[in-house]
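Student: Please see the structure below; I have some questions.
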Amino acid sequence: MDKFLLLLLLLAVFPFVFFQGVATTCMVCSLFRKGKCMAGKGNCTVEEGPGCRTRDIFYFNIRDGFRYNHTQLDCSNECKSWKLIRGDLKVSSFCCKDEDFCNKYRGKSLYWKPR
Numbered sequence: 001m002d003k004f005l006l007l008l009l010l011l012a013v014f015p016f017v018f019f020q021g022v023a024t025t026c027m028v029c030s031l032f033r034k035g036k037c038m039a040g041k042g043n044c045t046v047e048e049g050p051g052c053r054t055r056d057i058f059y060f061n062i063r064d065g066f067r068y069n070h071t072q073l074d075c076s077n078e079c080k081s082w083k084l085i086r087g088d089l090k091v092s093s094f095c096c097k098d099e100d101f102c103n104k105y106r107g108k109s110l111y112w113k114p115r
């Protein structure tokens, strides 16, 4: 009888343990430069939303074109990969999810090429 009650209890708890929304933890930093967070360091959690966001900020100068300035890391409910160029400013946004700290800045992409 005790084994039967234990089995019923396990069957009742199983869906709550294994089928609940998986949370993703993301890095937060409002000013990431030269391999470290200079301002606004922390973490955030995305329950079911799109995920962790990485935004690279570039500024234009006549001699070198667009040059990397800093990165911003955060959580976003409306996270989409996009690129914006407006005047002397370029912002590249990348998203990831389903892996904790997937937006950890790892340096320039091997596939990134200036235009």
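Here UniProt numbering is used: the first residue of the sequence shown is 1, the next is one more, and so on. All residues carry an ideal CB built from backbone N, CA and C; glycine is no exception.
Cutting at 8 Å between CB atoms, please list the residues of its own chain near Arg67, excluding the five before and the five after it.
Tutor: Phe58, Tyr59, Phe60, Asn61.
Student: Give me the DSSP bridge partner(s) of residue 182.
Tutor: No statement about residue 182 is possible, as the shown extent of the chain runs from 1 to 115 and does not include it.
Student: Give the DSSP bridge partners of Asp56, in chain order.
Tutor: Its beta-bridge partners are Thr71, Ser92.
Student: In angstroms with no decimal places, state the Cα-to-Cα distance between Ile85 and Gly65.
Tutor: Rounded to the nearest angstrom, the two C-alpha atoms are 12 Å apart.
Student: For residue 174, does the three-state DSSP call read helix, strand or coil?
Tutor: For residue 174 there is no data in the structure shown, the boundaries of the chain being 1 and 115.
Student: DSSP on Ile85, reduced to helix/strand/coil?
Tutor: Ile85: strand per DSSP, three-state reduction.
Student: Along the chain, where does the beta strand (DSSP E) that runs through Gly42 open and close?
Tutor: Its beta strand (DSSP E) spans residues 42 to 46.
Student: Note down, in chain order, each residue of its chain lying with its Cβ closer than 7 Å to the Cβ of Asn69, except the 5 sequence neighbours on either side.
Tutor: Same-chain partners within the cutoff: Ile57, Phe58, Tyr59.
Student: Using 10 angstroms around the beta-carbon of Phe32, count the other beta-carbons present and answer buried if the total reaches 16, otherwise exposed.
Tutor: Its Cβ being crowded by 16 or more others within 10 Å, Phe32 is buried.
Student: State the Cα-Cα distance for the pair Gly87 and Arg63, rounded to the nearest angstrom.
Tutor: Each residue's Cα considered, the two are about 16 Å apart.
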